[in-house]
Amino acid sequence: MTAPLSSVAPPRSNLVKLSERDLLDYRAVQRTFDGAYARTALGQLCYATVILRLFQPKFFYVGLVYAILGMGFIPVAIFRYRMAIR
42 MTAPLSSVAP PRSNLVKLSE RDLLDYRAVQ RTFDGAYART ALGQLCYATV
92 ILRLFQPKFF YVGLVYAILG MGFIPVAIFR YRMAIR
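Under the working numbering, the first residue of the sequence shown is numbered 42, with each subsequent residue one higher.
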């Protein structure tokens, strides 16, 4: 017995038929991949905070680089989240 088919219509392409199991796997992979950007941004900002607060002032620029990197990942995470919704 096969699983029922679901239709997923990506923009400007042919209709793709996926089983419920394939659709569930696809959604799980999407959530994991999209969440990775948000987790990376949060991790970079936390690491920057630790560097800026605990270490000597000569490490200020290292902490600043990590803070900028973390802030740069936030728009990417939002973009990936919005693309996943479509």
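For glycine and all other residues, C-beta sits at the position ideal for the given N, C-alpha and C.
Item, Value
"Please classify Y67: is it buried, with 16 or more other beta-carbons within 10 angstroms of its beta-carbon, or exposed?", "exposed"
"Whole angstroms is fine: what's the gap from A79's alpha carbon to V91's?", "19 Å"
"Which residue or residues does DSSP assign as beta-bridge partners of V117?", "Looking at the DSSP assignment, V117 forms no beta bridge with any residue, so it has no partner."
"Would you identify the three-state DSSP class for F101, choosing helix, strand or coil?", "helix"
"Using only the alpha-carbon positions, how far apart do M112 and S60 sit?", "38 Å"
"Do the CB positions of A89 and Y107 come within less than 8 Å of each other?", "yes"
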